[in-house]
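Which chain is which? The protein sequence lines are W, X, L and V, in order.
All residue numbers for the first sequence refer to my numbering, where the first residue is 46 and numbers rise by one.
All residue numbers for the second sequence refer to my numbering, where the first residue is 46 and numbers rise by one.
All residue numbers for the third sequence refer to my numbering, where the first residue is 44 and numbers rise by one.
All residue numbers for the fourth sequence refer to my numbering, where the first residue is 44 and numbers rise by one.
We put the beta carbon where it would ideally sit given N, CA and C, even for glycine.
Notes follow once the structure below has been shown.
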Amino acid sequence: MSRKLSTGRAINEALRIAMETDPDVILLGEDVVGGGTLEGDDLEEMGGVVGTTKGLVKQFGRDRVLDTPISEMGLLGTAVGAAATGLRPVAELMFMDFLGVSLDPLLNQAAKLRYMFGGKVRIPLTVRTLCGAGMQAAAQHSQSLYWITAGIPGLKTVIPSNPADAKGLLLAAIRDDNPVVFCEPKLVLNQVGEVPEGDYEVPIGVANLAREGGDVSLVGFGGTVPIALRAADLLAAEGIQADVLDLRSLAPLDEEAILTTLEKTGSLVVVDESTPRCGIASDVAALCVDRGFDFLNTPVRRVTAPHAPVPFSAVLEKAYLPSAERVAATVRELG
Amino acid sequence: MSRKLSTGRAINEALRIAMETDPDVILLGEDVVGGGTLEGDDLEEMGGVVGTTKGLVKQFGRDRVLDTPISEMGLLGTAVGAAATGLRPVAELMFMDFLGVSLDPLLNQAAKLRYMFGGKVRIPLTVRTLCGAGMQAAAQHSQSLYWITAGIPGLKTVIPSNPADAKGLLLAAIRDDNPVVFCEPKLVLNQVGEVPEGDYEVPIGVANLAREGGDVSLVGFGGTVPIALRAADLLAAEGIQADVLDLRSLAPLDEEAILTTLEKTGSLVVVDESTPRCGIASDVAALCVDRGFDFLNTPVRRVTAPHAPVPFSAVLEKAYLPSAERVAATVRELG
Amino acid sequence: MQLSREQLLDAYTRMRTIRAFEEKLEELVKAGKLGGFLHLYAGEEAVAVGVCSQLGNADIVTSTHRGHGHCIAKGVDVKGMMAELFGRATGVCKGKGGSMHIADVDCGMLGANGIVGAGIPLTTGAALTAKLKKTENVAVCFFGDGATNQGQFHESLNMASNWKLPAVYVVENNGFGEFTPTEYVVPVKDIAERARSYAMRSDIADGMDFFDVYERAGEAIERARRGEGPTLLECKTYRFMGHFVGDPLVYRPKEEAEDWIQNRDPLQIFEAKVAEAGLVEESDLREIDGAVTRLLEEAIAEAEAAPLPDLSSILADVYAE
Amino acid sequence: MQLSREQLLDAYTRMRTIRAFEEKLEELVKAGKLGGFLHLYAGEEAVAVGVCSQLGNADIVTSTHRGHGHCIAKGVDVKGMMAELFGRATGVCKGKGGSMHIADVDCGMLGANGIVGAGIPLTTGAALTAKLKKTENVAVCFFGDGATNQGQFHESLNMASNWKLPAVYVVENNGFGEFTPTEYVVPVKDIAERARSYAMRSDIADGMDFFDVYERAGEAIERARRGEGPTLLECKTYRFMGHFVGDPLVYRPKEEAEDWIQNRDPLQIFEAKVAEAGLVEESDLREIDGAVTRLLEEAIAEAEAAPLPDLSSILADVYAE
Ligand SMILES: Cc1ncc(C[n+]2csc(CCOP(=O)(O)OP(=O)(O)O)c2C)c(N)n1
Ligand SMILES: Cc1ncc(C[n+]2csc(CCOP(=O)(O)OP(=O)(O)O)c2C)c(N)n1
Ligand SMILES: [Mg+2]
Ligand SMILES: [Mg+2]
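Written as structure tokens, this is what we have:
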């Protein structure tokens with residue numbers, strides 16, 4: 046059974062199921078309760094800045110849904126310490142841009158404690174975070190910084206492209222015994238789609254072939270999957286059939302799935318809404334020219350944002366983001 | 046005229062020249078003075094944790110060489126504010142691993158203020174920082190995180206492979222009107238070499254062909270240039286002549302220099318002591334399979350550290366780092 | 044406190060401009076004409092204006108996500124601001140910054156900031172410049188109660204105190220960080236107490252009273268100019284509107300808000316005080332009100348008519364030449 | 044304070060072991076037998092032991108770059124530690140952590156930490172676990188005076204106080220952060236004062252006197268166990284050796300160091316106090332000294348003979364299955 050939900054509601058549902066099935070799961074973050082609920086009044090809590098955690102404090106209480114001060118480093122560090130000692134925290138980093146003020150608990154603690162301790166500790170931590178452009182939130186609230194977390198050994202990073210995957214990936218992330226960064230792309234957040242009821246997991250590290258074509262491979266993830274799918278539509282109208290691979294997991298990367306589609310098509314374009322340097326797009330291209338070299342018939346192109354911060358103005362932001370037209374044009378140029 | 050200096054001393058000389066030629070240049074960081082010099086005693090200041098800034102406080106005074114509290118975020122943020130208002134600060138982030146506690150001033154401030162303000166401000170900031178493994182300093186003091194700064198639009202990142210470049214690159218960095226991250230690789234710090242006297246700059250964004258071969262291209266930077274050069278020696282003994290390209294600048298990347306050597310050899314191996322994901326090595330490989338596709342005769346291989354934190358034990362650390370033998374073996378396998 | 048009639052009218056003009064600006068923005072967002080995240084400053088005008096009236100162009104201020112008020116108080120062109128919020132090429136940041144990054148360094152306004160607490164070290168750096176260059180300028184930082192829970196607050200104030208920098212740290216305690224009441228997350232009654240950790244001077248002002256802010260900020264600014272080091276100045280205030288435009292305000296007691304808005308409006312308090320002292324006529328103020336309304340109408344009309352940025356500008360201004 | 048003879052001998056054993064361990068390490072580094080960055084704890088033994096004597100295995104401690112003392116005090120196996128510093132497969136972290144990351148969660152020792160201040164939120168998290176799981180465990184964090192200038196200190200203590208967590212924050216004020224005297228960078232005389240920013244209890248102990256530390260830490264730990272919230276406990280102490288092995292110590296007054304080493308050695312103070320009270324015989328202590336010496340000789344011999352880690356272990360333990 047399934048019904049239509051937005052990605053935000055699917056995430057809410059995953060959190061609820063995770064908390065119902067494991068008493069060690071707690072939520073913490075800024076305004077994950079969101080004020081309200083003073084004794085003896087009729088105030089309402091907000092459930093997060095975009096309402097994703099709404100209602101959870103009513104069901105699970107303030108001991109399991111914790112509002113923190115505006116202290117990202119402190120709250121993520123606290124979550125790491127809690128994870129190392131028996132809880133299974135889901136921390137919210139409201140916007141991924143705030144990694145600037147909270148990287149250490151991920152970079153130097155969550156990612157490394159197990160290794161440095163010779164395997165003696167587990168860090169079952171999930172960090173949920175909004176990423177990407179598309180809301181005119183400008184340079185400091187629109188970044189797609191998953192390349193930073195994906196680049197750090199010891200962390201996993203996942204990113205859903207639709208509501209159903211969001212639910213299953215989040216449940217898998219929470220139950221993983223490693224620190225997992227769960228990205229919530231703004232381009233996907235309000236998207237509505239079929240979401241199965243009940244408890245299920247989408248395994249981490251497994252990409253999804255979202256569309257079968259065979260002439261060219263389009264690789265995307267998060268908000269660029271809908272873009273790649275639209276590009277595939279445009280191309281299909283011209284007789285070019287595209288595979289669309291949704292990575293779903295950025296670390297670990299499903300290298301076999303990428304090589305499989307490349308072997309079939311000989312031609313690959315990767316679409317990433319982040320900036321061009323040191324990113325997932327480069328990793329995919331580098332994989333192609335390494336293990337996939339014998340399959341290559343054409344150059345591997347990366348359709349990304351430009352090497353610039355995200356501009357505010359709506360016209361600029363639109364041009365900044367990858368589009369189906371640019372993807373299709375890139376494929377056409379490959380000939 | 047030139048004489049032999051270690052990289053550390055060459056950096057010290059660059060700082061001295063920069064401060065002599067521009068009164069707006071100041072240094073700030075933890076222990077860049079390094080205690081000492083209380084009034085009326087015979088104490089000595091340390092000049093940084095490895096002595097790089099030694100003697101500068103004597104020449105320029107405590108107004109221009111400032112010891113800060115152990116507050117990396119605060120000190121880098123302060124340096125950004127000072128740079129935006131008329132000084133030309135050289136801030137020291139003692140170890141690059143401490144980006145964990147100091148990313149925001151670089152990620153969200155230094156890199157973006159100019160853009161967000163529509164071009165109305167300049168941020169002439171240099172951040173000097175030790176990076177890399179090789180001293181058994183283990184997981185939290187051995188990282189090569191230049192991929193993080195190189196990936197951020199608005200920043201520049203440079204890394205010298207020898208004392209002479211260190212001096213010239215640092216002078217160029219300080220005089221650049223943009224925020225520049227100047228990496229000091231541990232593998233290079235104590236290396237001794239000829240350093241020209243006087244004031245000169247090595248331009249940012251220009252790679253250096255450190256050795257001419259023609260059969261295969263080895264691309265390195267910082268501590269991997271000596272490794273690539275040794276690999277070239279090993280290969281030369283077998284009749285394989287390698288170009289060795291020293292990137293020197295990681296952002297901007299000298300794409301033309303990479304493509305030029307690739308066009309000549311048709312075969313490229315990039316050597317990076319950082320971890321494999323989302324790094325410079327992937328960017329170089331991705332460039333090859335994009336703009337350099339027509340030149341490629343073989344796969345592009347990346348010789349990097351494994352996807353793991355840096356281990357403590359000397360035997361493990363040695364095996365963790367790229368070596369000349371591994372580079373040579375990789376070239377041989379390309380056939 | 045000796046404020047001339049001219050100074051009083053100027054202060055009123057700025058406060059009124061801020062109020063009217065924010066009210067217009069709310070309308071514009073609700074009419075679907077503006078996008079992005081907008082955090083409005085209505086209710087807190089006396090703080091920005093009380094402080095900035097005593098600063099020159101060479102003095103630096105930094106601000107927060109809630110930055111329009113500080114811009115207007117510091118003299119940033121209102122038309123340029125409006126054009127910016129409309130994302131136009133004529134915007135004060137060429138349409139690239141938007142509300143959360145609105146700035147004009149020509150007026151000493153070093154930017155709103157989307158990162159809570161990030162303006163604090165920027166101010167510290169500006170104060171370091173002033174000190175080392177011996178300019179007698181000061182640097183003033185505005186930030187919220189919530190920002191005092193950020194590590195950057197702690198690190199910066201400590202550094203500024205150690206170095207006796209010419210800085211004033213103005214915390215606008217409006218009782219909430221987003222939806223969370225301050226007392227849930229700040230266990231001290233007065234945030235000013237936090238200055239003790241840095242052996243820094245502190246003071247508390249009624250942030251709804253221009254004159255109280257003016258006086259206490261003035262002392263702090265003068266101390267800073269004289270080289271006597273920084274001050275943490277807490278201004279108790281309240282935001283009249285939501286955290287952002289669109290905030291349903293379900294989380295805060297209606298009576299509490301009503302009480303502040305009805306009885307503690309900084310514009311009304313100002314008007315009552317100047318009237319009582321006979322310093323300006325009511326008609327002067329009404330004239331200003333009218334002029335402000337006209338200014339904003341013009342600003343909106345001009346912004347709507349202004350050109351959008353050229354797409355090539357996406358790659359401009361990333362680096363300085 | 045009612046310490047049994049057994050407890051006293053145990054405390055002395057731990058303090059003596061720490062001192063001997065650090066002295067041996069210095070020798071070993073100078074003989075070129077050990078690599079890496081080593082920060083020694085000699086001089087500060089009374090702090091670690093005074094606190095940890097009152098903790099069980101289920102209580103968590105976190106430490107700093109100067110972590111050997113806390114490990115030994117918390118009961119981590121000395122031979123496993125020595126093997127770790129030799130980079131052996133038999134090391135307590137399989138040779139992967141080294142001095143700056145030495146840890147043994149089986150003893151509730153959640154690690155030395157190479158990032159100044161980073162242990163503080165980890166402790167806060169451990170205390171959150173204790174509170175939410177209602178275990179009555181406490182979490183104790185050791186960190187230096189320098190670490191109190193880190194944002195993580197500020198953010199963590201604020202959170203712990205807001206949530207009334209069962210935590211004790213022990214600042215080891217040894218007068219220096221690396222080479223910089225504390226008073227250059229901490230403008231308050233007593234770091235304990237910083238607790239006021241969080242409405243947190245604080246106390247100050249003579250960090251050279253095991254008994255004073257024991258008593259004050261005991262109170263803080265008991266308050267925490269009873270659910271009465273966290274404490275910031277400042278222990279005034281001194282490091283007898285350099286910041287790291289190899290530190291030329293040119294930056295600190297020789298007489299100052301001499302004075303502490305001659306007159307305020309925590310081992311001597313302990314010995315004098317227990318002798319005066321007639322609680323243990325000198326011969327008991329000398330016997331312990333001998334046993335400790337033998338233990339360390341064995342530890343070194345075994346570490347030197349132990350196997351190096353297999354190269355395949357580089358990729359092990361990055362992720363849990
Ligand atoms: C580092 C960071 N964390 C969180 C946010 C999200 N955020 C924006 S405004 C805000 C509340 C700020 O509260 P306060 O400092 O009191 O200022 P106010 O909004 O009340 O003026 C939060 C949490 C942010 N922008 N930056
Ligand atoms: C975040 C961070 N900044 C700087 C350093 C370098 N560092 C190592 S120890 C140290 C001094 C710490 O002083 P304190 O906290 O007083 O501890 P102590 O060494 O005196 O025990 C510094 C600056 C570090 N390891 N981590
Ligand atoms: Mg507030
Ligand atoms: Mg210290």
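{"query": "Sequence-distant residues of its chain with Cβ nearer than 6 Å to P164/L (five each side left out)", "result": "Q195 and S199"}
{"query": "beta-carbon I234/V near ligand 2 non-hydrogen atom, thresh 7 Å", "result": "no"}
{"query": "Sequence-distant residues of the same chain with beta carbon closer than 7 Å to A318/L, five excluded per side", "result": "E325"}
{"query": "Proximity test, N205/V beta-carbon vs ligand 3 heavy atom, cut-off 7 Å", "result": "no"}
{"query": "Length of the line joining the Cα atoms of R322/X and Q188/X", "result": "13 Å"}
{"query": "Helix, strand or coil at R329/L [DSSP, three-state]", "result": "helix"}
{"query": "Spatial distance of N342/W from L152/X (CA atoms)", "result": "38 Å"}
{"query": "Closer than 7 Å: residues whose CB approaches a heavy atom of ligand 3", "result": "G187/L, D188/L, G189/L, E215/L, N216/L, N217/L, G218/L, F219/L, G220/L and T225/L"}
{"query": "Burial state of R337/L, where buried means 16 or more other Cβ atoms lie within 10 Å", "result": "exposed"}
{"query": "Residue interval of the beta strand (DSSP E) (run including P134/X)", "result": "R133 to F140"}
{"query": "8 Å Cβ cutoff, S240/V in contact with chain L", "result": "yes"}
{"query": "CB contact flag (F287/V, F64/V, <8 Å)", "result": "no"}
{"query": "G79/W: CB within 7 Å of a non-hydrogen atom of ligand 2", "result": "no"}
{"query": "Chain V contact residues for D108/W, given Cβ-Cβ distances below 8 Å", "result": "L175"}
{"query": "Members of the stretch 177-200 of chain L near chain W, C-beta cut-off 8 Å", "result": "G189, A190, N192, Q193, G194 and Q195"}
{"query": "For P230/X: DSSP bridge partner residues", "result": "C176/X"}
{"query": "First and last residue of the uninterrupted beta strand (DSSP E) at G238/X", "result": "V237 to P241"}
{"query": "Positions along the stretch 261-273 of chain V whose CB lies within less than 9 Å of some CB in chain L", "result": "none"}
{"query": "Own chain residues within Cβ distance below 7 Å of A263/V, not counting five before or after", "result": "V211, D246, T274 and L276"}
{"query": "Segments of 4+ residues assigned as alpha helix (DSSP H) that fall wholly inside the stretch 120-169 of chain V", "result": "121-128"}
{"query": "Below-8 Å beta-carbon distance, P164/L vs any chain W residue", "result": "no"}
{"query": "G99/L versus E179/L, M143/L and C136/L, residue with shortest Cα-Cα distance", "result": "E179/L"}
{"query": "Between the CA atoms of L295/W and G160/L - distance to the nearest angstrom", "result": "31 Å"}
{"query": "Simplified DSSP state of R346/W, which is helix, strand or coil", "result": "strand"}
{"query": "Option nearest P351/X by Cα separation, candidates K363/X, I285/X and L132/X", "result": "K363/X"}
{"query": "Proximity below 8 Å, CB of G141/V to CB of L128/V", "result": "yes"}
{"query": "The stretch 323-334 of chain X: positions lying closer than 9 Å to chain W by Cβ", "result": "C323, G324, I325, A326, S327, D328, V329, A330, A331, L332, C333 and V334"}
{"query": "Heavy atom of ligand 1 within 7 Å of G157/L beta-carbon", "result": "yes"}
{"query": "Contact under 8 Å by Cβ, L339/L with Y55/L", "result": "no"}
{"query": "L366/X versus Y241/L: straight-line alpha-carbon distance, rounded", "result": "44 Å"}
{"query": "Cβ-Cβ distance between A281/X and V261/X below 8 Å", "result": "no"}
{"query": "8 Å Cβ cutoff, H82/V in contact with chain X", "result": "no"}
{"query": "Alpha-carbon to alpha-carbon, G270/L and H113/L", "result": "24 Å"}
{"query": "Members of the stretch 157-168 of chain W that neighbour chain V once the beta carbon cut-off is set at 9 Å", "result": "K157, L158, R159, Y160, M161, F162, G163, G164, K165, V166, R167 and I168"}
{"query": "V146/W Cβ short of 7 Å to ligand 1 heavy atom set", "result": "yes"}
{"query": "V314/X - DSSP class collapsed to helix/strand/coil", "result": "strand"}
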